[in-house]
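Structure, as structure tokens:
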Amino acid sequence: MRRLILTLLMMVGLSGGALAQEPPPTPDQPLARPEQEARAQALFNEIRCVVCQHESIADSPAGVASDMRRWVRDRIAAGESDAEIREGLVARYGDYVLFTPPLRAGTLLLWGLPLVLVLGGGVVLVWIGRRRPVAEGPAELTESERLAVQDLLKAATSGPEDDATSPPKTQG
Amino acid sequence: MIVELGAFALCLALALSVLQAGLSVAGRMRASPVLAGAGEGAALAACLAVVLAFLVLIWAFVVSDFSVSNVASNSHTDKPMLYKVAGAWGSHEGSLLLWCLVLTGFGAMLARARTGAGGLPFGLKAVAVAVQGGLGALFLAFVLFTSSPFGRMDPVPVEGASLNPLLQDPALAFHPPLLYGGYVGLSVCFSLAVAALIEGRPGAGFWPAWGRWIRPWALASWALLTAGITLGSFWAYYELGWGGWWFWDPVENASFMPWLAAAALLHSAVVTERRGALIGWTVFLALVAFTLSMLGAFLVRSGVLTSVHAFAVDPERGLMLLGILGLTAGAAFALFALRAGQLTGKALFAPISREGALVLNNLFLSVAAATVLVGTLYPLILEAAGGATISVGPPYFAVTFTPLMAVALLILPMGPLLAWKRGDAVGALQRLAWAAGLSLVFAVVIWALFQPRQALTGAGLALGAWLVLGALAELAERVRLFGKRTAGELGRRVQALPLAAWGMTAAHAGLGLFVLGAVVETGLKVEAARPLEIGQMVAAGPYQATLRAVEIVEGPNYLAERATLDVEPLGGGRPEMVRAERRFFPAGGQTTTEVGLSFHGLDDVYLVLGERRAGESGGRAWTVRMHWNPWARLIFLGPALMALGGLLSLMDRRLRTADVARRRGVA
């Protein structure tokens with residue numbers, strides 16, 4: 000009995016899921032010309048499914064995503080450029096639909112900050128470096144010199160103070 | 000009755016945490032080891048109380064006590080035992096209790112840390128235990144007063160609503176404990192940093208010692224975060240059925256920011272320990288890392304983000320979390336600003352030196368963390384400010400985060416070969432010459448072998464190989480592989496290599512493997528989908544899959560359509576049987592996909608069973624999506640190796656304070 004009920008549920012849930020919700024989306028028909036289909040696939044990855052949670056229409060199983068994919072393919076087949084298709088999408092759904100945020104006054108900080116931070120950080124580091132004198136006295140030994148010295152010191156059991164990344168003394 | 004015991008244990012834990020903070024502060028102010036010791040005892044007791052509460056919650060899930068509303072809304076009698084237990088931390092309330100468990104657990108470990116010669120100084124430890132107690136009290140109060148998992152409901156439902164079936168997966172059962180271990184492990188770094196700001200004094204080797212104290216906690220947190228994030232990413236890869244493994248989803252970003260900060264902290268703490276430099280910066284990072292953890296907790300729980308991983312929680316509780324975040328981070332950074340002037344080290348170093356390389360590492364890692372932070376928060380801020388709604392997704396991070404990291408990774412292999420104070424860049428490059436040459440050859444060969452040939456893929460291949468070979472070159476240098484040595488001496492050198500050195504090599508090589516996997520998978524993956532009738536096939540990349548059968552099977556708490564497919568190389572070869580399922584969970588009325596994975600060397604053949612429909616010839620057909628994901632295994636093996644590297648370093652006895660004390664004593 001339980002199995003029967005489950006099977007019935009299953010039919011509703013898996014195949015007819017459908018009955019209550021939207022019909023299963025028709026399968027995608029790839030564009031005939033491979034270079035056009037490649038353009039379509041590239042575009043799918045940067046277009047957000049408008050009913051999903053942070054999913055691109057390339058990933059989303061939702062019916063709306065399927066419709067959007069078909070729309071993009073139709074536009075490509077009609078000879079529109081990628082930029083025109085993006086404009087068309089933004090006109091329909093707003094900036095939200097593109098995973099690439101637009102560049103305008105309100106998003107200058109978003110786009111500029113990484114570059115400003117890394118350049119600013121670099122400038123600050125150079126400035127600090129200039130202000131401070133560089134280590135005085137003889138340079139530290141090179142790695143090979145240091146290892147040679149350490150070998151010589153082996154007999155004396157006490158090497159230079161070690162850190163977590165330097166070779167250990169043979170006997171601590 | 001037992002459930003009330005859990006609620007009582009939680010109240011007790013709150014009281015004990017308050018006591019822990021109070022007694023430790025009193026102990027410090029009166030310089031009384033007895034009072035401070037009592038504070039430490041309270042920390043242990045608080046941990047035990049939370050353990051008890053947690054066990055009670057698990058028990059309620061195990062016996063399916065649906066009078067507890069949290070159990071009723073997240074469990075079901077049909078659920079397999081593993082997911083009944085894991086359901087205890089599958090909801091907002093339960094996961095916050097897990098957070099408190101880890102928080103008090105780390106607090107207890109801190110309370111047990113050695114004091115005295117070589118260990119933590121009395122004052123520093125007392126203050127750190129107090130801060131940890133304060134954090135525990137805040138979060139326990141939040142759980143108790145807004146999100147108690149022990150609330151009863153009346154009338155008692157006959158059956159529970161079950162856990163979201165997407166979460167009923169072994170990887171996701173262990174993902175939260177690991178992730179929270181990392182998030183909350185950073186709280187100890189935070190507490191030690193606040194304590195050092197209060198107690199710290201210049202000179203007398205205080206700050207280098209502090210660098211040594213903080214490192215194991217940072218290392219453990221980072222390794223746990225690495226493992227937790229990798230497990231979560233692997234789950235997304237095979238459970239969501241989209242073929243992707245990282246979506247730059249806000250919740251993924253929320254876990255990635257503390258990871259980047261912890262990685263930076265790990266490296267800057269080495270400089271502080273070894274050279275007494277970058278003191279202020281290391282303290283700052285220790286505060287930032289846990290702040291980002293708390294920010295992540297807020298973002299995931301406040302309902303401001305929409306994501307697959309987010310807990311749907313009302314904004315009110317989100318605001319309270321924001322309050323806790325503002326209070327703790329605000330106080331800590333105010334203290335930092337007050338003391339920043341005294342945090343300058345006297346150590347000098349040339350720009351080209353081990354210190355210099357680690358400073359660059361920190362520059363890039365922290366700017367990368369800031370980029371992820373801006374990318375995650377900007378849409379929220381813009382919308383709140385009345386601006387338009389925008390989406391920040393993968394294309395944004397591809398042009399900001401990726402170049403930053405590429406530059407950082409290009410410099411990485413140089414760092415370990417440079418001497419402290421003043422390094423020899425030319426010498427380091429000479430010793431890396433063979434690694435650089437081999438990487439280029441490797442990249443060109445692989446790039447030529449596969450279609451499509453993209454310049455970026457080639458560059459990424461060279462970068463990944465450069466990291467792996469650079470790490471090996473450094474190891475070879477250490478054991479002097481290329482010197483005129485006997486085999487016996489080489490063996491002794493390999494044996495004498497400290498675990499921390501192996502750890503560093505493993506972590507850096509693991510990063511390289513990850514880069515290789517990510518680059519090849521992203522650049523060369525192939526996807527195909529078509530409706531298949533029994534006996535028909537679909538091909539992607541060098542493999543094809545034939546649909547052999549579809550049957551209905553009954554799981555413990557679901558029904559599934561299970562497809563059996565044969566995967567074989569295009570040219571023919573031994574077929575391998577793969578099963579892919581579409582599962583229907585009657586309890587929640589949800590359908591999930593169970594991806595069929597077929598491993599071929601480093602490549603994955605990834606099969607997703609879709610809906611049933613009419614086929615070309617009018618018969619029954621199922622949409623089957625097939626992905627060929629070349630080298631995808633490296634995407635998860637690389638980070639696993641990184642986490643292992645962290646573990647190896649952690650096991651190095653020279654990081655343990657007790658051991659340092661013993662060695663100091665001998666010397």
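These protein sequence lines map, in sequence, to chains A and B. If you count the first sequence from 1, position 150 lands on 149 in numbering that gives the first Met the number 0, and the numbers rise without skipping. If you count the second sequence from 1, position 313 lands on 312 in numbering that gives the first Met the number 0, and the numbers rise without skipping. Backbone N, C-alpha and C define an ideal beta-carbon position, used for all residues, glycine too.
#### Entry: Cβ shell of B:Ser292 (< 6 Å), same chain only, five flanking positions each side left out
Sequence index remark: in the second sequence, residue 292 of chain B carries index 293 (1-based). Tyr182, Leu185 and Pro257, listed in sequence order.
#### Entry: Opening and closing residue of the alpha helix (DSSP H) in which B:His507 lies
Stepping through the second sequence from its first residue, residue 507 of chain B is reached at position 508. Its alpha helix (DSSP H) spans residues Leu498 to Leu523.
### Task
Thinking B:Ile389 and A:Asp94 are a contact (beta carbons under 8 Å), I'd like their distance in whole angstroms, please.
The residue labelled residue 389 of chain B in the question sits at position 390 within the second sequence. The residue labelled residue 94 of chain A in the question sits at position 95 within the first sequence. Rounded, the Cβ-Cβ distance is 5 Å, consistent with contact.
### Query
What are the boundary residues of the beta strand (DSSP E) that B:Gln453 is part of?
Within the second sequence, residue 453 of chain B is the residue found at index 454, counting from 1. Counted as a single uninterrupted DSSP element, the stretch harbouring B:Gln453 is not any beta strand (DSSP E), since DSSP gives it neither H nor E.
### Query
What does A:Glu79 reach in chain B if we use C-beta pairs closer than 7 Å?
To locate residue 79 of chain A, count along the first sequence from 1; it is residue 80. Within chain B, no residue comes near A:Glu79; the closest Cβ sits about 20 Å away, beyond 7 Å.
### Message
Contact criterion: CB-CB distance below 8 Å. Does A:Gly87 meet it with respect to chain B?
### Response
For the purposes of this step, residue 87 of chain A is taken as residue 88 along the first sequence, with counting starting at 1. No, A:Gly87 lies away from the interface with chain B (no Cβ there is under 8 Å from its Cβ).
### Query
Buried or exposed: where does B:Glu251 fall if 16 or more other Cβ atoms within 10 Å of its Cβ makes it buried?
Along the second sequence, one-based indexing puts residue 251 of chain B at 252. Looking at its Cβ environment, which holds 16 or more other Cβ atoms inside 10 Å, B:Glu251 is buried.
#### Entry: Residue of B:Gly36, B:Ala160 and B:Met0 minimising C-alpha distance to B:Trp69
Locating residue 69 of chain B in the second sequence gives position 70, where the first residue counts as 1. For the sequence presented, residue 69 of chain B should be read as Asn rather than Trp. Ranking B:Gly36, B:Ala160 and B:Met0 by Cα distance to B:Asn69 puts B:Ala160 first.
### Task
Consider the Cβ of A:Arg69: report whether some Cβ of chain B lies at a distance smaller than 8 Å.
In the first sequence, residue 69 of chain A corresponds to position 70, counting from 1. At a cut-off of 8 Å between beta-carbon atoms, A:Arg69 makes no contact with chain B.
### Task
With B:His174 as the anchor, note down where its alpha helix (DSSP H) starts and where it stops.
Taking the first residue of the second sequence as position 1, residue 174 of chain B is located at position 175. Counting along the chain, the alpha helix (DSSP H) containing B:His174 begins and ends at Pro169 to Glu198.
### Message
With a threshold of 8 Å on Cβ separation, who are the neighbours of B:Trp419 within its own chain once the five nearest residues in sequence on each side are excluded?
### Response
In the second sequence, the residue the question calls residue 419 of chain B occupies position 420. Around B:Trp419: Arg273, Arg274, Phe348, Ser352, Arg353 and Glu354.
### Message
Give me the DSSP bridge partner(s) of B:Asn628.
### Response
Mapped onto the second sequence, residue 628 of chain B falls at position 629. Partner(s): B:Asp603.
### Range covered by the alpha helix (DSSP H) that runs through A:Ile84
For the purposes of this step, residue 84 of chain A is taken as the residue at position 85 of the first sequence. Residues Asp81 to Tyr92.
### Message
So for B:Glu567, helix, strand or coil by DSSP?
### Response
As a position in the second sequence, residue 567 of chain B is number 568, starting the count at 1. It is a strand residue.
### Message
Spatial neighbours of B:Leu342 within its chain, please: C-beta separation below 6 Å, excluding the five flanking residues on both sides.
### Response
Working through the second sequence from its first residue, we reach residue 342 of chain B at position 343. Within the same chain, B:Leu342 has close Cβ partners Ile278 and Gly279.
### Task
Determine the DSSP secondary structure at B:Ser546, reduced to helix, strand or coil.
Here residue 546 of chain B corresponds to residue number 547 of the second sequence, with the count starting at 1. The sequence given here has Leu at residue 546 of chain B, not Ser. Residue state, collapsed to three classes: strand.
### Contact under 8 Å by Cβ, B:Gly86 with B:Ser72
What you label residue 86 of chain B is simply residue 87 of the second sequence in a count that begins at 1. What you label residue 72 of chain B is simply residue 73 of the second sequence in a count that begins at 1. 8 Å or more divides the Cβ of B:Gly86 from the Cβ of B:Ser72.
### Query
Is B:Leu362 closer than 8 Å to A:Gly111 when the C-beta atoms are compared?
In the first sequence, counting from the first residue as 1, residue 111 of chain A sits at position 112. In the second sequence, counting from the first residue as 1, residue 362 of chain B sits at position 363. Here A:Gly111 is not near B:Leu362, since their CB atoms are 8 Å or more apart.
### Query
Where does the unbroken alpha helix (DSSP H) through B:Val2 begin, and where does it stop?
Sequence index remark: in the second sequence, residue 2 of chain B carries index 3 (1-based). From DSSP, the alpha helix (DSSP H) with B:Val2 extends over Ile1 to Met28.
#### Entry: Cutoff 8 Å: B:Ala434 Cβ touching any chain A Cβ
In the second sequence, the residue the question calls residue 434 of chain B occupies position 435. No, because no Cβ of chain A sits closer than 8 Å to the Cβ of B:Ala434.
### Task
Check whether the Cβ atoms of B:Gln19 and B:Gly89 sit closer than 8 Å, and answer yes or no.
Mapped onto the second sequence, residue 19 of chain B falls at position 20. Mapped onto the second sequence, residue 89 of chain B falls at position 90. Not closer than 8 Å, so no.
### Query
In whole angstroms, what is the alpha-carbon distance linking B:Ala631 and B:Leu474?
As a working mapping, residue 631 of chain B is identified with position 632 in the second sequence. As a working mapping, residue 474 of chain B is identified with position 475 in the second sequence. If you take the alpha carbons of B:Ala631 and B:Leu474, they lie about 26 Å apart.
### Query
Within this structure, are the beta carbons of B:Leu564 and B:Leu546 separated by less than 8 Å?
As a first step, residue 564 of chain B is located in the second sequence; it is residue number 565 there, counting from the start. As a first step, residue 546 of chain B is located in the second sequence; it is residue number 547 there, counting from the start. Cβ distance < 8 Å, so B:Leu564 and B:Leu546 count as in contact.
### Query
Considering only residues of the same chain and omitting the five flanking positions on each side of B:Val514, which have a CB-CB separation below 8 Å?
Locating residue 514 of chain B in the second sequence gives position 515, where the first residue counts as 1. Apart from the 5 residues on each side of it in sequence, B:Val514 sits with its Cβ closer than 8 Å to the Cβ of Leu408, Gly459, Leu462, Gly463, Leu466 and Gly637 in its chain, given in chain order.
### Task
Using the Cα positions of A:Phe43 and A:Leu97, report the straight-line distance between them to the nearest angstrom.
Counted from its first residue, the first sequence places residue 43 of chain A at position 44. Counted from its first residue, the first sequence places residue 97 of chain A at position 98. C-alpha separation (whole angstroms): 10 Å.
### Message
Within the continuous alpha helix (DSSP H) that includes B:Glu92, where are the two ends?
### Response
Mapped onto the second sequence, residue 92 of chain B falls at position 93. Boundaries of the alpha helix (DSSP H) harbouring B:Glu92: His91 to Arg111, taken from the DSSP string.
### Query
Hey, is B:Ser668's beta-carbon within less than 8 Å of any beta-carbon in chain A?
A question about residue 668 of chain B goes unanswered here, because the residues of chain B that appear run from 0 up to 666.
### Interface partners of B:Arg111 on chain A, CB under 9 Å
The count along the second sequence starts at 1 and reaches residue 111 of chain B at position 112. The contacting residues do not exist; B:Arg111 stays about 22 Å from chain A at best.
### Query
If you draw a straight line from the alpha carbon of B:Leu171 to that of B:Ile551, how long is it in whole angstroms?
The count along the second sequence starts at 1 and reaches residue 171 of chain B at position 172. The count along the second sequence starts at 1 and reaches residue 551 of chain B at position 552. Roughly 25 Å between the two C-alpha positions.
### Chain-ordered neighbours of B:Trp209 on chain A, where CB pairs are closer than 7 Å
Translated into the one-based positions of the second sequence, residue 209 of chain B becomes position 210. The premise fails here: B:Trp209 is roughly 15 Å from chain A at the closest Cβ pair, so nothing lies under 7 Å.
#### Entry: From A:Ala64, A:Val49, A:His53 and A:Cys51, residue whose alpha carbon lies closest to that of A:Gln40
Taking the first sequence and counting its residues from 1, the one referred to as residue 40 of chain A is at position 41. Answer by Cα proximity: A:Ala64.
### Query
So which residues on chain B does A:Arg47 lean against when the C-beta distance must stay under 8 Å?
Mapped onto the first sequence, residue 47 of chain A falls at position 48. By Cβ distance, chain B contributes Ser390 and Gly392.
### Task
Return the residues of the segment 465-485 of chain B that lie within a Cβ-Cβ distance of less than 8 Å from chain A, sorted by chain order.
Residues of the segment 465-485 of chain B with a Cβ closer than 8 Å to any Cβ of chain A, in chain order: Glu476, Arg477 and Arg479.
### Query
What does a CB cutoff of less than 8 Å around B:Ala140 pick up in its chain, not counting 5 residues either side in sequence?
Within the second sequence, the letter at position 141 stands for residue 140 of chain B. Excluding sequence neighbours, B:Ala140 sits near Leu13.
#### Entry: CB of B:Arg316 within 8 Å of CB of B:Arg300, strictly
The count along the second sequence starts at 1 and reaches residue 316 of chain B at position 317. The count along the second sequence starts at 1 and reaches residue 300 of chain B at position 301. A contact, by the Cβ cut-off of 8 Å.
### Stretch-stretch touch, CB-based, cutoff 8 Å, three pairs: the segment 364-376 of chain B with the segment 76-88 of chain A
The segment 364-376 of chain B makes no contact with the segment 76-88 of chain A; the number of CB pairs closer than 8 Å stays below 3.
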